[in-house]
Amino acid sequence: MLQPTWLVDTLAVVMIAISTYCVARLVAARVWGRALHRDINVAHVAMGTAMAGALVAGFRTLPDGAWDLVFGALVLWFGASAARLVVRPAPAAVDTHHLSHNLTHMVMAGAMLYMFMETSSSSVAAATPAAAMSLMGGARGSAASLGGLTLVLVFILFASAVWHFDGLTRYTTARRQLAPVASSVPAHGTGALMATAVAAPAGATTAQDVTMTDAAQAEQAHWLAPRLEMGCHIAMCITMGYMLVLLL
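Take a look at the structure:
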């Protein structure tokens, strides 16, 4: 498959930018005391760095074997996190991403592991890992097992990108609905808002009439730039899907 140089270079730069941004998120969340999914942002750093190196040889960092260990560990981590949420679901105010996000990142880590294992086991010699994937696809893409698994992974990644893109709109709508309530309540933090929600008398029509849904939304507002995190996720799903298509 012929790869446009400008597209490969652009995707690599975007992945480096996302990795750098996610590192900044980890630091900012700690300094500002904001809530953050640290495991997800660490995974985004690893995935962005690895994909940039797989697209452009000059961005390569760790050898393929080391990335196998990294993404194997991430598969186990997110798989265990998903299992814990099945046994004991977390409330919305505690974990805004729930089971689906852990499963999605488990699949993403598995897709990265799959790509590195396929390219490292290939006998094709190429200037870059991305070129190796492309050439390997032409040589081995007729195998039903390879093509079938690749198509499943591509479908899941693109579906996740669409789902998160739609989530950007849902989150914006929720914040707009919450704004009139939040502006009418004294600024004593989200804890005070949640307490007000519990203490509000039934049938009240004033600003004290704060539902638990509003309180949960206010708690979500404490999370550090969740829409930007979702944007990073969308970009990674698209890039990873493109790289998997090279295997076909």
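This note's numbering puts the sequence shown at residues 111 to 358.
Here a beta-carbon is modelled for each residue, glycine too, at the ideal position from N, C-alpha and C.
Predicted, not measured: the structure shown is a model, and the values here were computed from it.
Best match in the options for proximity to residue i [C-alpha to C-alpha]
| i | options | result |
| --- | --- | --- |
| M125 | R337, L263, L165 | L165 |
| L121 | A156, P199, M346 | M346 |
| L354 | V141, Y131, T260, D174 | T260 |
| L136 | C342, L334, G341 | L334 |
Rounded straight-line distance, which links the Cα of residue j to that of residue i
| i | j | result |
| --- | --- | --- |
| T279 | W273 | 10 Å |
| V180 | M227 | 12 Å |
| A139 | P336 | 12 Å |
| A160 | H332 | 30 Å |
| V123 | L195 | 35 Å |
| V133 | G258 | 35 Å |
| V262 | Y352 | 13 Å |
| V118 | A127 | 14 Å |
| A192 | A269 | 19 Å |
| L146 | S129 | 15 Å |
| R170 | V264 | 23 Å |
| V185 | V141 | 29 Å |
Cutoff 8 Å; reference residue i; Cβ partners in own chain excluding five residues on either side
| i | result |
| --- | --- |
| N188 | Sequence inspection shows Phe at residue 188; the Asn mentioned does not correspond to that position. Once the five neighbours on either side are set aside, the close Cβ partners of F188 are D149, A153, N212, L213, H215, M216, A219. |
| P199 | H208, L209 |
| Y131 | L338, C342 |
Reduced DSSP category for residue i - H, G, I as helix; E, B as strand; rest coil
| i | result |
| --- | --- |
| F145 | According to the sequence displayed, residue 145 carries Ala and not Phe. DSSP places A145 in strand when its eight states are reduced to three. |
| I128 | helix |
| G248 | In this prediction, G248 has a pLDDT of 45, which is less than 50 and means its spatial position is unreliable; what the coordinates show is noted afterwards. In this structure, G248 counts as helix in the three-state DSSP scheme. |
| L186 | helix |
| L288 | Per-residue confidence for L288 stands at a pLDDT of 49, beneath the threshold of 50, marking its modelled position as unreliable; the derived number appears in the next sentence. Helix. |
| A297 | Unreliable placement is indicated for A297, whose pLDDT of 44 sits below 50; the coordinate value is still reported in the next sentence. Of the three classes helix, strand and coil, the one that applies to A297 here is coil, per DSSP. |
Close Cβ partners of residue i (< 7 Å) along its chain, the five nearest in sequence each way excluded
| i | result |
| --- | --- |
| A271 | I344, C347, I348 |
| A340 | According to the sequence as given, residue 340 is Met; it is not Ala. Excluding sequence neighbours, M340 sits near H274, G277, L278. |
| G247 | Summary for G247: the model assigns pLDDT 47, below 50, so the residue's position carries little reliability, and this model does not support an answer. |
| G182 | L223 |
Neighbourhood of residue i by C-beta distance below 6 Å, restricted to the same chain and skipping five residues each side
| i | result |
| --- | --- |
| L267 | C347, M350, G351 |
| A156 | V180 |
Uninterrupted beta strand (DSSP E) stretches inside the segment 149–174 (no shorter than 3 residues): none
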